[in-house]
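Undergrad: Note that the numbering used here gives residue 256 to position 107 of the sequence shown, counting from 1, and the numbers run on in steps of one.
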Amino acid sequence: MNFDERVRLHLTPVKQKQAKEFVSQWHRHHKPPLGAVFSVGAADQHGVLRAVAMVGRPVARHLDDGETLEVTRTATDGVRNANSALYGACWRATQALGYARLITYTQAGESGASLRGAGWRIIARRPARGGWHCASRPRTPTGTEHVARTLWEAP
Numbered sequence: 150m151n152f153d154e155r156v157r158l159h160l161t162p163v164k165q166k167q168a169k170e171f172v173s174q175w176h177r178h179h180k181p182p183l184g185a186v187f188s189v190g191a192a193d194q195h196g197v198l199r200a201v202a203m204v205g206r207p208v209a210r211h212l213d214d215g216e217t218l219e220v221t222r223t224a225t226d227g228v229r230n231a232n233s234a235l236y237g238a239c240w241r242a243t244q245a246l247g248y249a250r251l252i253t254y255t256q257a258g259e260s261g262a263s264l265r266g267a268g269w270r271i272i273a274r275r276p277a278r279g280g281w282h283c284a285s286r287p288r289t290p291t292g293t294e295h296v297a298r299t300l301w302e303a304p
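1. Return the chain-ordered list of same chain residues with a C-beta closer than 6 Å to the C-beta of Pro276, the five sequence neighbours on each side being excluded.
2. Return yes when the Cβ of Leu300 is within less than 8 Å of the Cβ of Ala262, no when it is not.
3. How far does the alpha helix (DSSP H) with Val172 in it reach, from first residue to last?
4. What separation, rounded to the nearest whole angstrom, lies between the Cα atoms of Gln194 and Thr225?
5. I need the straight-line Cα distance from Asn151 to Thr217, nearest angstrom please.
6. Have a look at the DSSP bridge pairing and note the partners of Thr221.
7. Would you give the residue range spanned by the beta strand (DSSP E) that Leu264 belongs to?
8. Please report how far the alpha carbon of Asn230 lies from the alpha carbon of Arg288, in whole angstroms.
9. May I have the straight-line CA-CA distance separating Leu160 from Gly215, to the nearest angstrom?
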């Protein structure tokens with residue numbers, strides 16, 4: 150593709166299996182989540198899937214109040230503005246399903262530009278943690294331990 154050519158994106162439905170495959174291929178540091186309430190994609194003018202977002206129940210139990218969902222993954226092939234479009238679409242879909250709140254996290258070193266572009270706001274900064282492994286409940290490291298996070302909320 151010529152770099153001067155503008156990519157025109159449109160939203161498209163994405164099955165969970167396809168979203169997981171896309172995340173596996175394109176996400177920088179996470180595997181796909183185990184499940185999702187819904188997924189949405191962004192395709193270019195040729196119908197090629199260029200980005201996906203997966204939305205599910207909040208990972209943190211204390212936020213899983215029945216009225217809140219969490220964007221658990223977004224992934225793009227690098228196309229500009231796709232994440233902002235997906236974050237906006239996820240919030241609209243969340244509201245349409247009757248939920249009152251949508252959250253997501255970024256890791257230290259991620260700017261959050263896509264979230265700001267979609268009107269999201271920071272509601273908390275979480276310090277780095279050592280991970281979830283303990284003797285009574287062993288866990289396999291995911292590679293994201295010891296990384297601070299920022300909690301965002303949709304407008």
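Ideal placement from N, C-alpha and C gives every residue a C-beta, glycine not left out.
Just so it is clear, the structure is predicted and the values come from calculations on it, not from any experiment.
TA: Quick look at the numbers:
1. Here residue 276 refers to the residue found at position 127 of the sequence shown. Closer than 6 Å at Cβ, skipping near neighbours: Ala297.
2. Taking the first residue of the sequence shown as position 1, residue 262 is located at position 113. Taking the first residue of the sequence shown as position 1, residue 300 is located at position 151. One thing to note: Ala262 has its Cβ no nearer than 8 Å to the Cβ of Leu300.
3. Taking the first residue of the sequence shown as 1, we reach residue 172 at position 23. DSSP places Val172 inside the alpha helix (DSSP H), whose first and last residues are 165-175.
4. Stepping through the sequence shown from its first residue, residue 194 is reached at position 45. Stepping through the sequence shown from its first residue, residue 225 is reached at position 76. In this model, Gln194 and Thr225 are separated by some 16 Å (Cα to Cα).
5. Walking along the sequence shown from the start, residue 151 turns up at place 2. Walking along the sequence shown from the start, residue 217 turns up at place 68. Confidence at Asn151 is low in this model, with a pLDDT of 44, below 50, so the placement of that residue should be treated as unreliable; the coordinate-derived value is given next. Straight-line Cα distance between these residues: approximately 41 Å.
6. The residue you call residue 221 lines up with position 72 of the sequence shown. BP columns for Thr221 are empty, so no partner.
7. Within the sequence shown, residue 264 is the residue found at index 115, counting from 1. No beta strand (DSSP E) contains Leu264, which is instead part of the alpha helix (DSSP H) from 262-266.
8. Counting from one through the sequence shown, the residue named residue 230 turns up at place 81. Counting from one through the sequence shown, the residue named residue 288 turns up at place 139. Near 35 Å, if we compare the C-alpha coordinates of Arg288 and Asn230.
9. As a working mapping, residue 160 is identified with position 11 in the sequence shown. As a working mapping, residue 215 is identified with position 66 in the sequence shown. In a straight line, the C-alpha of Leu160 is about 26 Å away from that of Gly215.
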